[in-house]
Structure formats: C-alpha cells, structure tokens
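Novice: Every letter in the sequence shown is one number past the one before it in the working numbering, and letter 98, counting from 1, is 98.
So that we are looking at the same thing, I have put the structure below in structure tokens.
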Amino acid sequence: MAKVLYSVTMSLDGFIAGPGGDMSWMTEYLGPNPEIDELIGRIGALLVGRRTYDGDDPHKGDEGEGKAFGGGWEGPQFVVTHHLPATAPPNTTFVDDFATALAQAKEAAGDKYVNVMGASMGKQCLEAGQLDEVLTLIAPVLLGDGVSLFNHPGGRNTKLERLSVGQVPLATSLWFKVV
C-alpha cells in the first residue's frame, strides 16, 4: 500500500516559498542530490495543490521547467482544485475534492510513495491523518517571509520520529515518520 510523503525544500527560517509564492530563491540549491535521485524511483504518484501546480518554478528558464523534480520524474499527478479545467495534460488529473484526489493518488502509486507538493496539500494530509512521512531539505538561506512549511493558527503539536539525517551537496536532509 502506498505511503504518503511530504517532501519539500525549506529555508532555515521555515519558508518553503518566498513572498507571493516566489521559488527563485531555490534555484541555486538545485543540483546533484543522491537522496532525491534515489527517492524519485520510489514515487508512484504526486498529489499537488493547484497553487503549486500553477506557481513559480525554480527550474524556470531551463529544460526542467514545468516538470516534476525538474524533469527527473514522470508519472500520474493529481491536482486538487476548485476550478476544473476542460482539458488536462497527459498524466495529470484535476480533482475537486481532496479525499478523492488522495485516494486516486494512493491507488495509482501502488506500493510506492504518493509525494505531496504544496503547503496546503501537506497540511490537509496531516490534518486528515493521512501523512506518513516528511522529508525536509534545509537550504542554507534565511528568507524572512513567505509560505511557511506548516502553519496552523493556534498551534498544533504533531509528534515525529526521526528516520534519518543527511548532508547532501547543497542542503541538510531531515526525514521523519509521523507518529
């Protein structure tokens, strides 16, 4: 059965996108990453928020623009949106209900990961009790403002169990199991 993984690159001060969803800050931290290269082969489907799907791309201007993991991964992706388009690109399904999209992504992933992309999708998976693991790559930068990794007004305590800590060429990786 598929596991649900939220993987993300984050600034040291906890932002996964800059103000207005800006992802250009991440471009200089993209590069060879054996941990991500290994992970990509273990992903069976993506669950993506519409703002992330339509949003800024750290691969803007290179051959990986508009492609998951800069073109390193191909397969089914399920985009959660309130506004379903008339047509969809190949391997992309737009769904207007989070639970339905997650169920479809899990089925498509088989025994691999459903990789979650977008702050809202990560939060919804966590709040639904459907998030199994979190992989955070911490980039050595302070953004000061933007989209935080996890925002829950009033707070929320979610226990995590560390699975691994790693040093990759341009970041530090922290992999956790949601307890």
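Note that CB positions come from ideal geometry on N, CA and C, so glycine has one too.
The model shown is predicted, which means the values in this text are computed figures rather than measured ones.
Nearest CA to the CA of G72: which residue from L102, A88, D96, L30?
Specialist: L30
Novice: In terms of DSSP beta bridges, what is I40 paired with?
Specialist: DSSP output for I40 lists no bridge partner at all.
Novice: Can you tell me the Cα-Cα spacing of T172 and I138, whole angstroms?
Specialist: Cα to Cα, T172 sits roughly 5 Å from I138.
Novice: Just checking my contact of E133 with V178 at CB under 8 Å: how many whole Å lie between their CB atoms?
Specialist: 7 Å
Novice: If you count every other CB in all the chains shown that lies within 10 Å of the CB of P58, and 16 or more means buried, which is it?
Specialist: buried
Novice: Please report how far the alpha carbon of V4 lies from the alpha carbon of A88, in whole angstroms.
Specialist: 24 Å
Novice: In the DSSP assignment, find the unbroken alpha helix (DSSP H) run with T121 in it and report its ends.
Specialist: At residue 121 the sequence reads Met, which differs from the Thr that was named. Looking at the DSSP string, the run of the alpha helix (DSSP H) that includes M121 is 119-127.
Novice: What distance in whole Å lies between the Cβ atoms of F150 and G122, which are believed to be in contact at a cut-off of 8 Å?
Specialist: 7 Å
Novice: Name, in chain order, the residues that DSSP records as bridge partners for I138.
Specialist: M10, T172
Novice: Quick check: A101 and V79, are their CB atoms within less than 9 Å of each other?
Specialist: yes
Novice: Taking all protein chains shown into account, decide if N33 is buried (16 or more other Cβ within 10 angstroms of its Cβ) or exposed.
Specialist: buried
Novice: Assuming D56 and M23 are in contact, meaning their beta carbons sit under 8 Å apart, how far apart are those beta carbons, in whole angstroms?
Specialist: 4 Å
Novice: Kindly indicate which residue of V147, T92, T27, R156 has the alpha-carbon position closest to the one of K60.
Specialist: T27
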